[in-house]
Each structure stands twice: as structure tokens, then as C-alpha cells.
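If you're matching positions, the sequence shown starts at 1074 in the working numbering and goes up one per residue. Here is the structure we will look at.
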Amino acid sequence: MANSDGGSSKTTTTAATTVNNSFLTSLINLDTKLSLQIHTLCTPIPRSILKALEISGDGRVWIPIPVAFLLYPLSKNSNYNLQSIFIGLLVGFITDLIFVGFFKYTIRRPRPVYNKGMKLTVSVDHWSFPSGHSSRVWFISFYLYLSSAAASIGSDGGKFVNLFVLIFCLWSAATSISRVLLGRHFVFDVIAGTALGIVNALLVFKFCNI
């Protein structure tokens, strides 16, 4: 009787694993097909525009900015809110590298086969999931949004800041979409990267405002 129960349990576990694997395979196939269709459909878009968006979201562009500001002597005399924003950005860029690197190395999803002309910075860049550009740009935009919402700004200044944040959000969306159009990532990579960037912004904002 015990053997019968054990065999039944193993059969149930195997069946559940098969269903899960089948569902995951279906999602990957859907993602692969959808991404290729979007990439193919949008080939008329000038590649130079997409490359410009790619460069604008590169960590090698963004990481030196808060470092330079915090090391610059005048930063000691600057507004406290501005200092805290740059500190948060630097912390967020570091945690972003850790999170993205961990997931890329753990999941190891290959990039699209039609990905061309990409220069890899580090070995984990061979992997596709999640999109590091998407996580980074959405971290920047959402962190700036949280910081501006928490700051006491006058009505006129508030309108300017809101416009500033809106421009960053539009840039983040365009940069994320460009990852699929360039063939760098699949759609689900970008969605996961976006979610990771927003979560990272929430965590960093909470940590920096304890």
C-alpha cells in the first residue's frame, strides 16, 4: 500500500512538472515569435535612432554622472535634496548591476539569433533576460518621480519638474522598446527589466529616506 501511495505521488509530481515545463515552453515560444514579428515590422525605423537610444541608456554613460557630482567640491555646498538624489542614483546603479547580473547568470537565456553589431561589455551580457537597459532607464525615471513627489516644490517649479520627469519616462519607454526593435532582447526581457527597475527604485528610495 505504501509503495502504491509513493508511486502515485511520484506520478503526480512528474505530471505537474510536465505541465509547468509545457507552459513555460509555450510562453517562450510566444515571446520569441512576437519579438521577431515586432523586430521585422519595424525595420524601416532608422537604425541610427535606435542606436542613439541604446547609447543613451548605457550604464557607462550614467554611472559616472552621480560619481562626478559627489566628488566635485561644489557638491558639498549644494542643496541637500539634490545630494540625496545623486546618492540614491549611485546606489541604484550598483544594485541594478547586481540584480541584473544575478538574473542573467542564473537564467542564461540566449539573446535573439538576429541580434547584430552588439559589443559586449562583460560576459553576462551574452544573456538576454532581463534587459539591463530597461531596468536602468526605468530605475532612473521612477526614482526621479519618487524624489520629485516627496520634495516640497512651488507650483511653478512643480510644473517644470513634472515635465522633466515626463520626458524621462517617455525616454525610458522609447529606450526599452528600442531593445526589441534592435534585436537585442525579447519582449518579456524588456517587461521583466522594466519591473525590476521600478522595484529597484522603490527599494533604493525607501533605503535612502530611512
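The beta carbon of each residue, even a glycine, is placed where N, CA and C say it ideally should be. What you are looking at is a predicted structure, and each value in this text was computed from that prediction instead of being measured.
**Request:** Give me the Cβ distance between D1104 and V1260, rounded to the nearest whole Å; I'm assuming they're in contact under 8 Å.
**Result:** Taking the first residue of the sequence shown as 1, we reach residue 1104 at position 31. Taking the first residue of the sequence shown as 1, we reach residue 1260 at position 187. Yes, D1104 and V1260 are in contact; Cβ-Cβ is about 6 Å, under 8 Å.
**Item:** Assumed close pair G1132, F1159 - CB separation to whole angstroms, cut-off 8 Å
**Value:** The residue given as residue 1132 occupies position 59 in the sequence shown. The residue given as residue 1159 occupies position 86 in the sequence shown. Taking 8 Å as the upper bound for CB-CB distance, G1132 and F1159 are not in contact here, some 16 Å apart.
**Prompt:** Does the beta-carbon distance from P1203 to A1265 come in below 8 Å?
**Reply:** Translated into positions along the sequence shown, residue 1203 becomes position 130. Translated into positions along the sequence shown, residue 1265 becomes position 192. Yes, they are a contact pair.
**Message:** Could you compute how far the alpha carbon of L1143 sits from the alpha carbon of C1281?
**Reply:** Here residue 1143 refers to the residue found at position 70 when the sequence shown is read from its first residue. Here residue 1281 refers to the residue found at position 208 when the sequence shown is read from its first residue. Going by the C-alpha atoms only, they are around 15 Å apart.
**Extent of the continuous alpha helix (DSSP H) to which H1206 belongs** = As a working mapping, residue 1206 is identified with position 133 in the sequence shown. Per DSSP, H1206 belongs to the alpha helix (DSSP H) from G1205 to A1223.
**Asked** To the nearest angstrom, how far is it from the Cα of S1108 to the Cα of Y1145?
**Response** Reading the sequence shown from its first residue, position 35 is the one you call residue 1108. Reading the sequence shown from its first residue, position 72 is the one you call residue 1145. Roughly 43 Å between the two C-alpha positions.
**Item:** Whole-angstrom distance between Y1216 and I1250, CA atom to CA atom
**Value:** Indexing the sequence shown from 1 puts residue 1250 at position 177. Indexing the sequence shown from 1 puts residue 1216 at position 143. Rounded to whole angstroms, I1250 to Y1216 spans 20 Å at the Cα level.
**Request:** Please check the pair T1267 and W1211, which I expect to be a contact at CB under 8 Å, by giving their CB distance rounded to whole angstroms.
**Result:** Taking the sequence shown and counting its residues from 1, one reaches residue 1267 at position 194. Taking the sequence shown and counting its residues from 1, one reaches residue 1211 at position 138. Right, their Cβ atoms sit about 5 Å apart.
**Message:** Give me, in chain order, the residues of the same chain whose beta-carbon lies closer than 6 Å to that of D1262; leave out the 5 immediate sequence neighbours on both sides.
**Reply:** Within the sequence shown, residue 1262 is the residue found at index 189, counting from 1. Excluding the 5 residues flanking it on each side, D1262 has same chain C-beta neighbours closer than 6 Å at S1201, F1202, P1203 and S1204, in chain order.
**Request:** Mind checking which residues open and close the alpha helix (DSSP H) that includes P1137?
**Result:** What you label residue 1137 is simply residue 64 of the sequence shown in a count that begins at 1. It spans P1137 to L1144 - the alpha helix (DSSP H) in which P1137 sits, taken as one unbroken run.
**Whether A1274 touches L1219 by CB criterion (8 Å)** = The residue you call residue 1274 lines up with position 201 of the sequence shown. The residue you call residue 1219 lines up with position 146 of the sequence shown. Yes, Cβ-Cβ distance for A1274 and L1219 is below 8 Å.
**Prompt:** How long is the line joining the alpha carbons of F1176 and L1269, rounded to whole angstroms?
**Reply:** By 1-based counting over the sequence shown, the position of residue 1176 is 103. By 1-based counting over the sequence shown, the position of residue 1269 is 196. Rounded to whole angstroms, F1176 to L1269 spans 10 Å at the Cα level.
**Prompt:** Whose CA, out of I1136, P1117 and S1245, lies closest to the CA of D1169?
**Reply:** Translated into positions along the sequence shown, residue 1169 becomes position 96. Of the candidates I1136, P1117 and S1245, the one whose C-alpha sits nearest the C-alpha of D1169 is I1136.
**Request:** Could you tell me which of S1214, L1276, F1233 and G1256 sits nearest to G1130, measuring between CA atoms?
**Result:** Position 57 of the sequence shown, counted from the first residue, corresponds to residue 1130. Closest option to G1130, Cα to Cα, is S1214.
**Prompt:** Whole alpha helix (DSSP H) runs in the stretch 1222 to 1268 with 4 or more residues, listed along the chain?
**Reply:** 1228 to 1254
**Item:** Residue from R1182, K1279 and L1126 with nearest C-alpha to L1243
**Value:** Here residue 1243 refers to the residue found at position 170 when the sequence shown is read from its first residue. Nearest C-alpha to L1243: L1126.
**Item:** Distance, I1171 Cα to L1294 Cα
**Value:** The structure shown does not extend to residue 1294, since the chain is modelled only from 1074 through 1283, so no value can be given for it.
**Prompt:** According to DSSP, which residues form a beta bridge with P1183?
**Reply:** Position 110 of the sequence shown holds residue 1183. W1200.
**Request:** Within its chain, find whatever has a CB closer than 7 Å to the CB of F1241; leave out the 5 residues flanking it on each side and keep chain order.
**Result:** Locating residue 1241 in the sequence shown gives position 168, counting from the first residue. Excluding sequence neighbours, F1241 sits near I1213, S1214 and L1217.
**Asked** In whole angstroms, what separates the C-alpha of A1222 from that of S1121?
**Response** Here residue 1222 is taken as the residue at index 149 of the sequence shown, counted from 1. Here residue 1121 is taken as the residue at index 48 of the sequence shown, counted from 1. Rounded to whole angstroms, A1222 to S1121 spans 35 Å at the Cα level.
**Asked** Do L1097 and L1255 have their C-beta atoms within less than 8 Å of each other?
**Response** To locate residue 1097, count along the sequence shown from 1; it is residue 24. To locate residue 1255, count along the sequence shown from 1; it is residue 182. Not a contact, by the Cβ cut-off of 8 Å.
**Message:** Which of the three DSSP states is assigned to N1038 in this structure?
**Reply:** Outside the displayed span of the chain (1074 to 1283) sits residue 1038, for which this structure offers no information.
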